[in-house]
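Residue numbers (the numbering used here): -2 to 354.
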């Protein structure tokens, strides 16, 4: 007897069909994807306490935000980054002493060789020693905690925009950030010192591409996929687009707060003789970078002519004069540009960092 063979379509016809239950389908459709507790656990990001009063008193700085600190030379932007780094790598509590740090890892990308680990070490030692004295420790010894904290500070030096792009792509696609984020201490923040350090070299490149190639320059959501194979030198627009794209990818993956400093160019040429706002500046970063930045803080000194300069200098000299007649540290000024706030904040720069007046 010949075996009865049937194709897949005929076999499918003999399978029992499951009855459609509208009520069960509706119940399945109404099932929540996640609970409110799961939603909060996924989306809530605790604000980062930076230890920098210019930030902490005026802003709840969270992961996924990018803060740009812009200033001319000598206004404290590098000191501000060191102060943030010191707070993030310092322990919160140790041996019954409260230090007020975060105890996390910090990655700092230095583009103009201004980051000084010795200055960071001095800042850490001063703050740790002061906390031990305030807690009544008999023989304060800051060195062990200073060394422990410095082990969580990771410095990357880049001497060109090409090196910056390479470093950021390694951080995004490699295992370094992932390992730091998964560690017990966790990853506190990403710092970039002077993103405009190579502005003139990049501007001398091929220039901005056409509008149709802007997306290609950005290289997609995770940044610069084929940018480095499109030829050199890198143009200014392409550099800023690629940097912004890679940083956005790091944000999406790690929900990491990012603080970047930028050298501030004051108006010059035909604009210099015109009457204008004392906080006027020349923007050197291209639109992809400007779109990435969520908050912007401007630092100025009275000599820059930044709003109420003469009055601020006179008042500062009167307040800072000691009994011997010697003048203390100069008073600088800060102002929030994004979000816009007309208030002018005055601060001084000392051995322990930036302090409000």
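Even glycine gets a Cβ: it sits at the ideal position worked out from N, Cα and C. Note that the structure is a prediction, hence the values are computed from the model and not measured.
Beta-carbon spacing of residue i, residue j below 8 Å
| i | j | result |
| --- | --- | --- |
| residue 182 | residue 102 | yes |
| residue 65 | residue 290 | yes |
| residue 105 | residue 150 | yes |
| residue 297 | residue 72 | yes |
| residue 108 | residue 161 | yes |
| residue 62 | residue 94 | no |
| residue 147 | residue 118 | yes |
| residue 251 | residue 174 | yes |
| residue 253 | residue 184 | yes |
| residue 294 | residue 278 | no |
| residue 281 | residue 193 | yes |
| residue 344 | residue 56 | no |
| residue 342 | residue 332 | yes |
| residue 186 | residue 255 | yes |
| residue 191 | residue 292 | no |
| residue 81 | residue 60 | no |
| residue 366 | residue 110 | Residue 366 falls outside the range modelled here, since the chain spans only -2 to 354, and no answer is possible. |
Terminal residues of the beta strand (DSSP E) in which residue i lies
| i | result |
| --- | --- |
| residue 180 | No beta strand (DSSP E) holds residue 180; DSSP gives it neither H nor E. |
| residue 354 | Run containing residue 354: none; DSSP gives neither H nor E here. |
Residue i burial status per 10 Å Cβ neighbour count (16 or more: buried)
| i | result |
| --- | --- |
| residue 47 | buried |
| residue 77 | buried |
| residue 90 | exposed |
| residue 156 | exposed |
| residue 234 | buried |
| residue 24 | exposed |
| residue 35 | exposed |
| residue 208 | At residue 208 the pLDDT is 42, less than 50, meaning the model places this residue with poor confidence; the figure from the coordinates comes in the next sentence. Classification of residue 208: exposed, given that the 10 Å Cβ count is below 16. |
| residue 138 | exposed |
| residue 68 | buried |
| residue 74 | buried |
| residue 27 | exposed |
| residue 299 | buried |
| residue 133 | exposed |
| residue 112 | buried |
| residue 350 | buried |
| residue 285 | buried |
| residue 17 | exposed |
| residue 314 | Low per-residue confidence applies at residue 314: pLDDT is 48, beneath 50, and the placement is therefore not dependable enough to give any value. |
| residue 336 | exposed |
| residue 232 | buried |
| residue 212 | Here residue 212 scores only 43 on pLDDT, less than 50, and its place in the model is too uncertain to base an answer on. |
| residue 136 | exposed |
| residue 221 | The predicted model places residue 221 with a pLDDT of 49, which falls under 50 and marks its position as unreliable; any figure quoted below should be read in that light. Buried, because 16 or more other Cβ atoms sit within 10 Å of the Cβ of residue 221. |
| residue 140 | exposed |
| residue 240 | buried |
| residue 37 | exposed |
| residue 199 | buried |
| residue 180 | exposed |
| residue 131 | exposed |
| residue 115 | exposed |
| residue 164 | buried |
| residue 40 | exposed |
| residue 196 | buried |
| residue 92 | exposed |
| residue 257 | buried |
| residue 144 | exposed |
Bridge partner(s) assigned by DSSP for residue i
| i | result |
| --- | --- |
| residue 68 | 260, 296 |
| residue 344 | 329, 353 |
| residue 150 | 103 |
| residue 95 | 90 |
| residue 190 | 107 |
| residue 279 | 262 |
| residue 63 | 255 |
N-terminal and C-terminal residue of the alpha helix (DSSP H) that residue i is part of
| i | result |
| --- | --- |
| residue 128 | 114 to 131 |
| residue 333 | Unbroken run through residue 333 is the beta strand (DSSP E), 328 to 335; no alpha helix (DSSP H). |
| residue 159 | 158 to 170 |
| residue 288 | 284 to 289 |
| residue 237 | 233 to 251 |
| residue 47 | Element bounds for residue 47: n/a, residue is neither H nor E. |
| residue 17 | Where residue 17 is concerned, there is no enclosing alpha helix (DSSP H), given that its DSSP letter is neither H nor E. |
| residue 56 | First-last for residue 56: undefined, no H or E at that position. |
| residue 200 | 196 to 200 |
is_contact[residue i, chain E] using C-beta, thresh 8 Å
| i | result |
| --- | --- |
| residue 336 | Here chain E cannot be found, since the structure has a single protein chain. |
Proximity test, residue i beta-carbon vs the ligand ADP heavy atom, cut-off 7 Å
| i | result |
| --- | --- |
| residue 21 | Absence of the ligand ADP is noted for the structure shown, with no ligands found whatsoever. |
Do the stretch 232 to 252 and the stretch 156 to 170 make contact, defined as three or more Cβ pairs closer than 8 Å? Counting Cβ pairs under 8 Å, three or more are found: they touch.
Check whether the stretch 44 to 58 touches the stretch 70 to 88, taking contact to mean three or more Cβ pairs, one atom from each stretch, closer than 8 Å. The way I'd put it, the stretch 44 to 58 does touch the stretch 70 to 88; three or more beta-carbon pairs between them come closer than 8 Å.
Inspect the CB distances between the stretch 113 to 132 and the stretch 91 to 100 and report whether three or more fall short of 8 Å. They touch, by the three-pair rule.
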